[in-house]
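Only one structure is covered here, and it is reproduced in the block below.
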Amino acid sequence: MLQINLTKIANVILMARELDRAEGELRAFLDRLTEEEQVDLVAVMWIGRDSFDADEFEEARATAIAEATVPTPDYLIGTPHLSDHLETGLEALGLSVQDEEDDLIRGG
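Each residue of the sequence shown is one higher than the one before, counting from 25 in the numbering used here.
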């Protein structure tokens, strides 16, 4: 069963939207994620940019592990349209982070 931490992904999406001013904060946040959470982020992002279909989530995760050549925070921060790809990937998986984003924006 798919176990994705939507609140953490919502944090990444919000910081990625403000990358010019929040890159250090985003990098620190990504560094604190577990390896599993980082792999999930890469897999969701790949699904969002159509590198994998939603039903290939486990394959995307396995590929992220097998093909990792740079630290995940560097890879994600260097990915154009990261926040858009994460949102699109979650939507493809039938998930939405809108409530989590709204809570974070309100400080909840």
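The beta-carbon is built from N, C-alpha and C at its ideal position, and this holds for glycine as well.
*Look at the Cβ atom of I28, then the Cβ atom of L128, and state whether they are nearer than 8 Å.*
no
*Which ranges would you report for the alpha helix (DSSP H) in the segment 28-55 if only whole runs of at least 4 residues count?*
30-41
*Pick from G131, D126, R130 and S107: whose alpha carbon is nearest that of L65?*
S107
*Would you kindly check if the distance between the Cβ of R85 and the Cβ of H109 is under 8 Å?*
no
*asked:* Output needed for M25: all residues of its chain with C-beta closer than 6 Å, excluding positions within five of it in sequence on either side, in chain order.
replied: Only weak support is given to the placement of M25: the predicted model assigns it a pLDDT of 46, under 50, and the question is left unresolved by the model.
*Cβ atoms of F81 and L117: under 8 Å apart, would you say?*
yes
_Boundaries of the alpha helix (DSSP H) in which L110 is found, first to last residue_ = L106 to A116
*Contact under 8 Å by Cβ, D55 with P97*: yes
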